[in-house]
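First the structure, in the form of structure tokens, and then the observations on it.
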Amino acid sequence: MKIALFLASSLLPLTSLIATAEDNLLLNPEFGFSSFEPLRDDKASSGQLGSVPFWEGSRYDAVRVFRAPGVSEFRPKFPVDGVVAIQPGGTLSQWVLVSEGKLEPGTPISLAVNGFRPKGAKLRFRLNAMMTDGQEGEWKPSEFGMPTTKSYPKAARGEFTPRQLAEVTPEAEGAFEARLEGVLLPGGKDQPTQAVAVEVLVSNEGEEQAWIYAPRLVHGEKAPAEPLPGRELPEEYRSLPRTLSKLNRGDALHIIVMGSSIDRASANPPLYRYDEDPASPTFKQPLSKASPRFVGEDVGRPELTPYYGNWAHYYSSYGRLRERLMRRFNLPASKLLLNFMACDGSSIGEAHSALARWSTLSQPPSPWVNGVGDGASWQELHPELFSRPEGPRPDLVIFGAGANERIDGVEELAAYEGAVRWFQRHYPDTEFLIAMWSFGEKTRGAVMMRQLALRYGIPVVEVGREFALMTRHVNPNHLRPRDGHPQAGGHDLWGRLMERAFQVVDPIKPGLPQRQLPERISPYTVNWEGEMTTYDAASPRIRRKRGFIADDAMLNVWASGKVEKGKKLEFAINGVPSTDDRYESGSRRVPNSKRDERNSALAIGRLPLGERHFVEVTTPEAELIAVDAKTALNRRWHPISSALWEGRAATPERFASEWGAPYGEERLMLQPGQKVALSWAGTLASVAWLQQPGGGTLVASLDGAEPMKRATGELTKLAEGTLHMEDRSALPQLPYGVHRLEVTAEGGPVALLGAFTYDTRANREAERVQAGIAAPGDRLTFSAAYQATPLVICAGGLKVERVSPTEVIFSGTAPGNYQVMGE
Numbered sequence: 017m018k019i020a021l022f023l024a025s026s027l028l029p030l031t032s033l034i035a036t037a038e039d040n041l042l043l044n045p046e047f048g049f050s051s052f053e054p055l056r057d058d059k060a061s062s063g064q065l066g067s068v069p070f071w072e073g074s075r076y077d078a079v080r081v082f083r084a085p086g087v088s089e090f091r092p093k094f095p096v097d098g099v100v101a102i103q104p105g106g107t108l109s110q111w112v113l114v115s116e117g118k119l120e121p122g123t124p125i126s127l128a129v130n131g132f133r134p135k136g137a138k139l140r141f142r143l144n145a146m147m148t149d150g151q152e153g154e155w156k157p158s159e160f161g162m163p164t165t166k167s168y169p170k171a172a173r174g175e176f177t178p179r180q181l182a183e184v185t186p187e188a189e190g191a192f193e194a195r196l197e198g199v200l201l202p203g204g205k206d207q208p209t210q211a212v213a214v215e216v217l218v219s220n221e222g223e224e225q226a227w228i229y230a231p232r233l234v235h236g237e238k239a240p241a242e243p244l245p246g247r248e249l250p251e252e253y254r255s256l257p258r259t260l261s262k263l264n265r266g267d268a269l270h271i272i273v274m275g276s277s278i279d280r281a282s283a284n285p286p287l288y289r290y291d292e293d294p295a296s297p298t299f300k301q302p303l304s305k306a307s308p309r310f311v312g313e314d315v316g317r318p319e320l321t322p323y324y325g326n327w328a329h330y331y332s333s334y335g336r337l338r339e340r341l342m343r344r345f346n347l348p349a350s351k352l353l354l355n356f357m358a359c360d361g362s363s364i365g366e367a368h369s370a371l372a373r374w375s376t377l378s379q380p381p382s383p384w385v386n387g388v389g390d391g392a393s394w395q396e397l398h399p400e401l402f403s404r405p406e407g408p409r410p411d412l413v414i415f416g417a418g419a420n421e422r423i424d425g426v427e428e429l430a431a432y433e434g435a436v437r438w439f440q441r442h443y444p445d446t447e448f449l450i451a452m453w454s455f456g457e458k459t460r461g462a463v464m465m466r467q468l469a470l471r472y473g474i475p476v477v478e479v480g481r482e483f484a485l486m487t488r489h490v491n492p493n494h495l496r497p498r499d500g501h502p503q504a505g506g507h508d509l510w511g512r513l514m515e516r517a518f519q520v521v522d523p524i525k526p527g528l529p530q531r532q533l534p535e536r537i538s539p540y541t542v543n544w545e546g547e548m549t550t551y552d553a554a555s556p557r558i559r560r561k562r563g564f565i566a567d568d569a570m571l572n573v574w575a576s577g578k579v580e581k582g583k584k585l586e587f588a589i590n591g592v593p594s595t596d597d598r599y600e601s602g603s604r605r606v607p608n609s610k611r612d613e614r615n616s617a618l619a620i621g622r623l624p625l626g627e628r629h630f631v632e633v634t635t636p637e638a639e640l641i642a643v644d645a646k647t648a649l650n651r652r653w654h655p656i657s658s659a660l661w662e663g664r665a666a667t668p669e670r671f672a673s674e675w676g677a678p679y680g681e682e683r684l685m686l687q688p689g690q691k692v693a694l695s696w697a698g699t700l701a702s703v704a705w706l707q708q709p710g711g712g713t714l715v716a717s718l719d720g721a722e723p724m725k726r727a728t729g730e731l732t733k734l735a736e737g738t739l740h741m742e743d744r745s746a747l748p749q750l751p752y753g754v755h756r757l758e759v760t761a762e763g764g765p766v767a768l769l770g771a772f773t774y775d776t777r778a779n780r781e782a783e784r785v786q787a788g789i790a791a792p793g794d795r796l797t798f799s800a801a802y803q804a805t806p807l808v809i810c811a812g813g814l815k816v817e818r819v820s821p822t823e824v825i826f827s828g829t830a831p832g833n834y835q836v837m838g839e
């Protein structure tokens, strides 16, 4: 290996240090920063900070960055933004991934750093290659007393191991320039061990602080003598303005982690705690046969014991992210509630059943439920979160791997979008971050989330892209040895990439707040936005424990039963097998023993809103345990007994429903030629009726448009046979406004149950509102016609005599206020 080491005094002629300009591979070599200390202590100066963005200190204040002109101890050789003081025992480091640095094995790299060393300080500069495990072959955890009997590549065990490539220690006091040049990167995809990153590591082994500035790491045999700008800095922070403000102020944060087993580090093999000392005879062997429960004392952090449930949560990318944020923003663990909603096997569709409980912290801390130790309450662990005015509501939601996402085909996008909008409607200030482990074939969810990022302004950390590029020289199995689950080293890289979204350098660019409830991307998203209702096996809504009529168009289903090995539970949706291409259901369809909020047997939401949808479990002797059904937003049920129905010629009568009366328990026998009408405000109407022998044709129209016709004498085909049952159908969607629904019977009697009406608008941004004062007899003409008849609200003695999309004529007994609303 070719290594050139020397120390050059700042007094040497510049001509002796001239080098050709190269790209600086480092992030923030200028040591820029944005101080948050004045937000917490009015005595602190905004010209310094105890952490350096995009660099890692061994602890907060182990290094301190200063605006260069404010330093009196020495004068930098060049005009620079910041200089860093490294305290005795402190370290400063940065990893450059082989992918982002375009680093090739066998090619040289060079480092140069300027600084100032007072007497008593001792700086050591190192270039390390962060390597996968150097031992070849495979290993079995069972050989070390662990229960897992499978074998795995040794190269994927535990953390990446630093291999020192070169080092130098400046000896002279005063100004210096340290150089490590012509250093060759080891590894290669055909080698048993491979480099995933180059680490620049600076440590102070002396008794006094020492100073460094202007580091430059470049390709080639020689580093330039002058400061060199670094790579372009990520700017995800601009789309996380609320989260960054709270971190800067030192406020408490509630972070929800979405995803599946990958996100909570349920790796294969499990994430054991290994002996990471290369000089140890037990290097890379599991340290104990202990339970998976996290013990902070084992890593010298006893204060963390109650905050992590299992070792997997600690080693996960999110556990590492929390640790990094604690160091970077000088926060205790009590300020960062890390709430794992991620669950083995879970998909985003299934997870909708858990959104409310995880957001409200309704379940106590539990290693197996939310990734937190079970020795204390939420209030004891995070007192400041509960004392703040907004309470412990979620502040940040991170979307992770999503490796199990395969329900609803391409329209699974709607399940993601529905989750985002559910949070936005319940907690309008919640922010989102997308950082999905999408390695190789696990890419579908990541592609969908990028579409949400465009529409909603959500920042994306391109973890999958970096890892895909890394595989040019790194064997993917050295990051995730089996079935896509990363080992500790992969989680470390993931956490490092995520942390970049929370780092800021002055001058701060204007924030880009995430968009709140924009127009939906998918037409099926509305099915996922509403509120969930749970029906257990004893509910009359579950017919004979085999079938269920949906509230609207989204379902999560749990079912018990016995299936042959290699087989799955069978379901039918609207009489069609759930495996049919029209549903493309990738749900696991594995039997359940109980309702698990994050793991169901079947989930679906790609169904037209306003139509009747029913699900059946068709496996012999299988039974439904529970069903979660969402009600679409702004839905109103108008039973036929409502006084809003006009023209009833008879009194509604009760009937016996075999499905728990999803559309009420009253019917109006509408005889041939009879008509009833309903005036309503919204965008969509759905008419419900009861199938019956000899039933006539239901004719429904909106605002006099082309009518919808449905036969009401037909039978519905079920797995058990055919049956007359409740039914409904939607009319064409219209612009928001006041509409008139008319229902007529033809050719025979129609058993009319009522109608659902909806306001399906994504938001009210397009709504026009006019207000004023008018008197009886006044005519108000709209300067631009509404798309539909607007809703007019009057007060005082004022009333509406007639309204249309172009005008309103008032009547009444006295002047009053009015408000006109529509699109």
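Numbering (our numbering), first residue to last: 17 to 839. All C-beta atoms in this analysis are idealised placements derived from N, C-alpha and C, irrespective of residue type, glycine included.
Quick one, which of the options has its alpha-carbon nearest residue i's?
{"i": "Q708", "options": "P380, H740 and A328", "result": "H740"}
{"i": "N615", "options": "R622, I589, L625 and V643", "result": "V643"}
{"i": "L341", "options": "P54, G190 and R75", "result": "R75"}
{"i": "R276", "options": "A188, L127, R498 and M357", "result": "Checking the sequence, you will find Ser at residue 276 rather than Arg. The residue with the shortest Cα to Cα distance from S276 is M357."}
{"i": "M837", "options": "L65, C810, R265 and A145", "result": "C810"}
{"i": "A727", "options": "P688, R536, P534 and A735", "result": "P688"}
{"i": "F90", "options": "P121, Q110, P607 and N130", "result": "N130"}
{"i": "Q786", "options": "R280, Y834, A553 and K733", "result": "Y834"}
{"i": "T634", "options": "L353, G153, G591 and G461", "result": "G591"}
{"i": "D597", "options": "L352, V426 and N346", "result": "V426"}
{"i": "A617", "options": "L623, P607, L625 and G626", "result": "P607"}
{"i": "W696", "options": "V99, W661 and V388", "result": "W661"}
{"i": "L807", "options": "E839, D794 and A721", "result": "E839"}
{"i": "K646", "options": "R280, R422, A484 and A372", "result": "A372"}
{"i": "R795", "options": "D291, F826, V273 and R56", "result": "F826"}
{"i": "K93", "options": "A230, R173 and M147", "result": "A230"}
Does the beta-carbon distance from residue i to residue j come in below 9 Å?
{"i": "S538", "j": "E674", "result": "no"}
{"i": "K300", "j": "D424", "result": "no"}
{"i": "L559", "j": "G663", "result": "As written in the sequence, residue 559 is Arg, which differs from the Leu given in the question. No, Cβ-Cβ distance for R559 and G663 is not below 9 Å."}
{"i": "F52", "j": "W71", "result": "no"}
{"i": "V87", "j": "F141", "result": "no"}
{"i": "Y540", "j": "G621", "result": "yes"}
{"i": "G316", "j": "P45", "result": "no"}
{"i": "G365", "j": "S603", "result": "yes"}
{"i": "A801", "j": "W705", "result": "no"}
{"i": "F518", "j": "L260", "result": "yes"}
{"i": "L139", "j": "E189", "result": "no"}
{"i": "L41", "j": "I228", "result": "no"}
{"i": "R258", "j": "E447", "result": "yes"}
{"i": "N326", "j": "F310", "result": "yes"}
Can you tell me the Cβ-Cβ gap for residue i and residue j, rounded? I've got them flagged as a contact below 8 Å.
{"i": "S255", "j": "L43", "result": "No, S255 and L43 are not in contact; Cβ-Cβ is about 19 Å, not under 8 Å."}
{"i": "R628", "j": "I589", "result": "That belief does not hold up - the Cβ atoms of R628 and I589 are roughly 11 Å apart, past 8 Å."}
{"i": "N144", "j": "L181", "result": "6 Å"}
Is any heavy atom of the ligand SAM found at a distance shorter than 8 Å from the C-beta of residue i?
{"i": "G763", "result": "The ligand SAM is absent from the structure shown, which contains no ligands of any kind."}
Check whether the region 423-441 touches the region 490-504, taking contact to mean three or more Cβ pairs, one atom from each stretch, closer than 8 Å.
The region 423-441 is not in contact with the region 490-504.
Determine, using beta-carbon pairs with one atom in the region 237-251 and one in the region 193-202, whether at least three such pairs fall under 8 Å.
Result yes; three or more Cβ-Cβ pairs closer than 8 Å.
Sufficient close CB pairs (3 or more, under 8 Å) joining the region 392-408 to the region 567-576:
With the cut-off at 8 Å, the region 392-408 and the region 567-576 do not touch.
What alpha helix (DSSP H) runs, 4 residues minimum, are completely inside the region 528-612?
Taking only runs of at least 4 residues, the alpha helix (DSSP H) segments lying wholly in the region 528-612 are 542-545.
Just list the beta strand (DSSP E) runs in the region 391-448, keeping only unbroken ones of 3 residues or longer that don't cross its boundaries, in chain order.
Within the region 391-448, the beta strand (DSSP E) runs of at least 3 residues that lie entirely inside it are, in chain order, 412-415.
Complete runs of the alpha helix (DSSP H) confined to the region 307-368 [at least 4 residues]:
Restricting attention to alpha helix (DSSP H) runs no shorter than 4 residues, the region 307-368 encloses them at 327-331, 333-345 and 364-367, ordered along the chain.
I want to know whether the region 506-520 touches the region 332-339 - three or more CB-CB distances under 8 Å.
Short answer: they touch.
At which residue ranges does the region 677-705 contain complete beta strand (DSSP E) runs of 3 or more residues, listed in the order of the chain?
Counting whole runs of 3 or more residues, the region 677-705 contains the beta strand (DSSP E) stretches 682-686 and 691-698.
Identify every run of the alpha helix (DSSP H) within the region 477-507, keeping only runs that are complete inside it and at least 4 residues long; order them along the chain.
Within the region 477-507, the complete alpha helix (DSSP H) runs of at least 4 residues are 479-486.
With a cut-off of 8 Å, do at least 3 Cβ pairs link the region 741-760 to the region 820-839?
Counting C-beta pairs with one atom in each stretch, the region 741-760 and the region 820-839 have three or more that are closer than 8 Å, which means they touch.
Ignoring anything shorter than 3 residues, give me the beta strand (DSSP E) runs that lie fully in the region 218-243, in order along the chain.
For the region 218-243, the full-length beta strand (DSSP E) segments reaching 3 residues or more read 226-235 along the chain.
Do three or more CB pairs link the region 114-126 to the region 152-171 at distances below 8 Å?
Judged by Cβ distances under 8 Å, the region 114-126 makes no contact with the region 152-171, as fewer than three pairs qualify.
Would you call the region 717-731 in contact with the region 771-786, where contact means no fewer than 3 C-beta pairs closer than 8 Å?
The region 717-731 makes no contact with the region 771-786; the number of CB pairs closer than 8 Å stays below 3.
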